[in-house]
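*Asks:* Sequences listed follow chains D and S, in order. Per our numbering, the first sequence starts with residue 904, numbered consecutively. Per our numbering, the second sequence starts with residue 103, numbered consecutively. Glycine residues also receive a C-beta, built at the ideal position from the N, C-alpha and C atoms. Please see the structure below; I have some questions.
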Amino acid sequence: MGKRVAGKLKRWFSSRKLKQKVRYLVLAIIALYLLLFFFIYMFFIEKSMMNYTLESNYKTMVSIGNNLNSELNTIKSMSQLIMTNSNIAAYLMNDSTPGSRYAHNAITSIYDISNNFNYINSIYLYRLNWQSVHIARGITYVNTAIMKEDAWLKEVYDANGGCVIRINGNGAYITKSGEPLISMIRVVNDIDTQKPIGLLVVNLSSKILEDSYKDMEGNGKQFYYCDESFKPIRSVKMLTELNKLEITGERFNQTTTGNLGNKKIVSYYHIPNTPFIIVGIEKMSYADAIPSKLGWVTVALAALTIFSLTFVSIFISRYITSPIERLVQSMDIVKRGWLKRVSLSLPDDEIGRLKDSYNNMLVEINNLISQLIEKEKKMQKAELDALQEQIKPHFLYNTLDTIAYLALMEPSEKVYDAIVTLGNFYRKFLSSGSKEISLREEIGIVKDYLKLQKLRYEDVFEDEYELDESLLDKMVPKLILQPLVENSLYHGLRPKGEKGVIKISVFKKEDKIHIVIFDNGIGMNEERLSRIMDNSRNSFGFKGTIERIQYYFGTDDVYDIESVEGWYTRVDIKIPI
Amino acid sequence: MVRVMIIDDEKAIRSLLKITLEREKPLIEVVGEAASGIEAINTIDIYKPDIAFVDIKMPFMDGIEFSRLAIKRYPDLKIIILTALKDFEHARKCIGIGVSDYLLKPISYEEIKNTLKKVIGQIKKQPESDESCDFTADDGSSVARIKDYIACNYRDPEINLTSIAQKFGFNASYLSRLFKQKTGTGLNDFLLKCRMEKAISYARTGTLMYVTANEVGIPDPNYFGKCFKKYTGKAYSEYLKNPVG
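Shown next as structure tokens:
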């Protein structure tokens, strides 16, 4: 299945135009590059960011703890001031009824002292007999019964004068508004005897908690205070994020949750000397994590990449694909059958050279074609020449005159013979259509021709034949022997002034058929022999005939000619069997 | 009576033409034939034709070439060219050299008659000049010079009685008689003798006939062969094989 898809894709891509290919390729590279860039970038950035965030998170948590402790210490100092106040001691040490002078003084002192401190919700001062004075902002319900329980008191006494911090005094103090209170509870000892003389409870507004992280909040950071069982102080709902966080015995722990791009760091910190656990939930923000300079460099790099790839694409398009496309368009004209050269201005590079080569090739092809046409024309002309040489009136009319003379002078038998021969000759000679005939027919034409010529030039020559019958079915181009025989007669024998011989032989030798036309006429000297294949008038008929044979059999080696001036000429036509 | 000479390389055609022309007797008389221009040059002074039928296509010296020569030499001679080709180029050439008319092959009796009628009308028959036959002494030295001239120029195939007479400022028939009287031989015979003696010496060295023919100013080997046989009584080839005397 995958293979088939890949194959299809490959075929599809192969069939695209070059320009599209380049475009697709560049796009693919850009996409791939960006994707790769993005992932690598994210991976490293996130990793470094995570480390950074986690570390800073710890610091934040500790800092919040310090803030809280610092505030609490301030309050502790205040409670110290109250405890050491003489009016307070007087109230606790002396038997006094409510509304007594001691009580009044104590309250006044507490007011005076606490007035300079923040977060104070209420302050309760108990004597050992649970008589008390208090100051309070807002309404607070006090459940003294809870306080009297042993478990509640034991811890306070065990603190040995130190502060015990409880949320809502473990249920002893409930505000009407429901706002949680932070209760600092400590035993008041006699300064001299160091014996417990009373109990001081300072209830603090939970604002002290919120203020401890006020400065750190924002930027995706949220903090929640919990009690030691991780129950949020301000809310009844448990924080779901805490499910991800493994609660260990450690004072601090943190973990990350969420997906890439939407990560949260969840952490908790058990603040020392307090029953509070601060829980932080921080949304990771890349903007914060990534140094802005690095970000710009990255964007610049990506932009540069895309720019350079685009540039490469444009370059390829402009200097490679476009010229090729134009070249192809120009070349397409050949499809319509015009072997026309491409005239385009192309850069002088490989593509330009391609065009030049293509043009050169076209020139070559045109040359070849015109050569072929030229050759074909020549062949036809030579054939026509040979034909015309005989059809033209000289031969026919002279022969007719000869026959006319015979009719007047000779026995009618001879006239009859001459007329039949003439008819035969012209029938074979003009046999329409086929350019090739059998050697037998060709020799038949020559025989008739010579028979007629003998009537005209009876004292000039004899004709002889020596033919291998088995070779006479070989097909040859028409009228290849007659012009050669005519040459023998007119250029060999007649100028000699003596009776001669024309001999035609056909035989096989070394896998070739040899057709030899021999005459013992005046022959040729070396110079004429060497010029016989020139286009001179002297070689009329010979060159054209040889070229036709060469063309027909597709080889140049089709003839030998030898001659001795004054004695003979021998033309040997060699054709493949 | 109009004297006609037929010059054609094909015997059959000469004969046919002769037979045809003889139907026009006694107006016409065929006085001679020649198988080539070369032969005609050598015999025309003997036949003295008024009209010559000349085949245009002949070996050794074609009809045009012969006609040009003949018209120059015999201004009164009417030449009728025989051709198988009705070709403008040919016609133009013929008219250009002063040929009277031409006849197309194959020969038709009707055309011959018409052409003859036309050409005969052009003949200005001059009365036979009957100059006095008293030869001056000076003529003797002329004959000697002419003999020298022939001995030097017998290789030239174009010379004949008329061309020599014109060269030396004589009337042809006058020169003929003068030469015969002074030397006892006709001028033509003298020229032939020069050529044949030379030919014999060539034959003795085994020279091929057509080469010899060329060398002695009769470049038509057929005519040369006839002359040689007539002069020596032997064929040239026999002479080659058996060179005696």
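Could you check what DSSP says for residue 1107/D in three-state terms: helix, strand or coil?
*Replies:* Looking at residue 1107/D - three-state DSSP - the assignment turns out to be strand.
*Asks:* How many angstroms separate the CA atom of residue 1366/D from the CA atom of residue 335/S?
*Replies:* If I take the Cα positions, the gap works out to 29 Å.
*Asks:* Rounded to whole angstroms, what's the CA-CA distance from residue 128/S to residue 287/S? Just pull it up for me.
*Replies:* So the two alpha carbons sit approximately 33 Å from each other.
*Asks:* DSSP three-state call for residue 296/S: helix, strand or coil?
*Replies:* It is helical.
*Asks:* Excluding the 5 residues preceding and the 5 following residue 1268/D in the sequence, name in chain order all residues of the same chain whose CB lies nearer than 7 Å to its CB.
*Replies:* 1242, listed in sequence order.
*Asks:* Alpha carbon to alpha carbon, how far is residue 1259/D from residue 1224/D?
*Replies:* Going by the C-alpha atoms only, they are around 17 Å apart.
*Asks:* Taking the alpha-carbon positions, what's the residue 947/D to residue 964/D distance?
*Replies:* C-alpha separation (whole angstroms): 26 Å.
*Asks:* When you compare the CB positions of residue 1024/D and residue 1040/D, do they come within less than 7 Å of one another, or not?
*Replies:* Yes; because the gap between Cβ atoms is below 7 Å, this pair is in contact.
*Asks:* If you measure between the beta carbons of residue 1304/D and residue 218/S, is that distance less than 7 Å?
*Replies:* Not a contact, by the Cβ cut-off of 7 Å.
*Asks:* In chain order, what residues of the same chain have a beta carbon less than 6 Å from the beta carbon of residue 1058/D, not counting five sequence neighbours either side?
*Replies:* Closer than 6 Å at the Cβ level, and outside the excluded window around residue 1058/D, lie 1067.
*Asks:* Does residue 1284/D have its Cβ less than 7 Å from a Cβ in chain S?
*Replies:* No, its Cβ sits nowhere closer than 7 Å to a Cβ of chain S.
*Asks:* For residue 103/S, count neighbouring Cβ atoms within 10 angstroms of its own Cβ and tell me buried if that reaches 16, exposed if not.
*Replies:* That one is exposed.
*Asks:* Contact check, residue 1220/D vs residue 922/D under 8 Å by CB: the rounded distance?
*Replies:* Their Cβ separation, rounded to whole angstroms, is 6 Å, which keeps residue 1220/D and residue 922/D in contact under 8 Å.
*Asks:* Do you know offhand how far residue 1441/D's Cα is from residue 202/S's?
*Replies:* The pLDDT assigned to residue 1441/D is 48, lower than 50, so where the model puts this residue is not dependable, and the model offers no usable value.
*Asks:* Taking a contact to mean a Cβ-Cβ separation below 7 Å, would you say residue 1103/D touches residue 1022/D in this structure?
*Replies:* Contact flag unset, no.
*Asks:* Of all the CB atoms in chain S, is at least one closer than 7 Å to the CB of residue 1403/D?
*Replies:* Residue 1403/D does not count as touching chain S.
*Asks:* If you draw a straight line from the C-alpha of residue 1203/D to the C-alpha of residue 1215/D, how long is it?
*Replies:* Taking the straight line from one Cα to the other gives about 18 Å.
*Asks:* Give a yes or no on whether 7 Å exceeds the smallest Cβ distance from residue 184/S to chain D.
*Replies:* It does not: the Cβ of residue 184/S has no partner Cβ on chain D nearer than 7 Å.
*Asks:* Using a Cβ-Cβ distance under 7 Å, would residue 1303/D count as near chain S?
*Replies:* Taking Cβ atoms only, chain S reaches closer than 7 Å to residue 1303/D, which makes this a yes.
*Asks:* Report all residues from its chain with a CB closer than 7 Å to the CB of residue 1374/D; omit the five preceding and five following residues, and keep chain order.
*Replies:* Around residue 1374/D: 1342, 1409, 1411, 1416.
*Asks:* Looking at the structure shown, is residue 1212/D part of a helix, part of a strand, or coil, going by DSSP?
*Replies:* Residue 1212/D falls in the helix class under three-state DSSP.
*Asks:* Taking just the CA atoms, how far does residue 1198/D sit from residue 1136/D?
*Replies:* Each residue's Cα considered, the two are about 41 Å apart.
*Asks:* So, at 7 Å on beta carbons, what are the nonlocal neighbours of residue 1142/D in its own chain, with the 5 sequence-adjacent residues on each side left out?
*Replies:* Only 1127, 1135, 1182 meet the Cβ criterion.
*Asks:* At which residues does the beta strand (DSSP E) containing residue 1408/D begin and terminate?
*Replies:* Start and end: 1403 to 1412.
*Asks:* At a CB-CB cut-off below 9 Å, which residues of chain S make contact with residue 1312/D?
*Replies:* Near residue 1312/D (Cβ distances below 9 Å), the residues of chain S are 114, 117, 118, 121.
*Asks:* Does DSSP put residue 121/S in a helix, a strand or coil?
*Replies:* In this structure, residue 121/S counts as helix in the three-state DSSP scheme.
*Asks:* I'd like the ranges of any alpha helix (DSSP H) spanning at least 4 consecutive residues and lying wholly in the stretch 1351 to 1434 of chain D.
*Replies:* List check, alpha helix (DSSP H) in window: 1385 to 1390, 1429 to 1433.
*Asks:* Below 7 Å on C-beta distance, what does residue 349/S contact in chain D?
*Replies:* Only positions 103 to 347 of chain S appear in the structure, and residue 349/S is not among them; the question remains open.
*Asks:* How long is the line joining the alpha carbons of residue 160/S and residue 136/S, rounded to whole angstroms?
*Replies:* So the two alpha carbons sit approximately 11 Å from each other.
*Asks:* Could you list the residues in the stretch 205 to 217 of chain S with a C-beta less than 7 Å from some C-beta on chain D, going in chain order?
*Replies:* Hits within the stretch, in order: 207, 208, 209.
*Asks:* Tell me the residue span of the beta strand (DSSP E) that contains residue 1030/D.
*Replies:* From DSSP, the beta strand (DSSP E) with residue 1030/D extends over 1023 to 1030.
*Asks:* Any chance the stretch 304 to 324 of chain S sits against the stretch 146 to 166 of chain S, with 3 or more Cβ pairs inside 8 Å?
*Replies:* Flag = yes, the stretch 304 to 324 of chain S and the stretch 146 to 166 of chain S touch.
*Asks:* Measuring CB to CB, does residue 1144/D end up less than 7 Å from residue 1180/D?
*Replies:* No; because the gap between Cβ atoms is not below 7 Å, this pair is not in contact.
*Asks:* Is the distance from the Cβ of residue 122/S to the Cβ of residue 251/S below 7 Å?
*Replies:* Against a cut-off of 7 Å, the Cβ pair of residue 251/S and residue 122/S comes out as no contact.
*Asks:* Give me the subset of the stretch 325 to 342 of chain S whose CB atoms are less than 7 Å from a CB atom of chain D, sorted by chain position.
*Replies:* Within the stretch 325 to 342 of chain S, the qualifying residues are 326, 327, 339.
*Asks:* Could you check where the alpha helix (DSSP H) with residue 1465/D kicks off and where it finishes?
*Replies:* No alpha helix (DSSP H) contains residue 1465/D, which is instead part of the beta strand (DSSP E) from 1462 to 1467.
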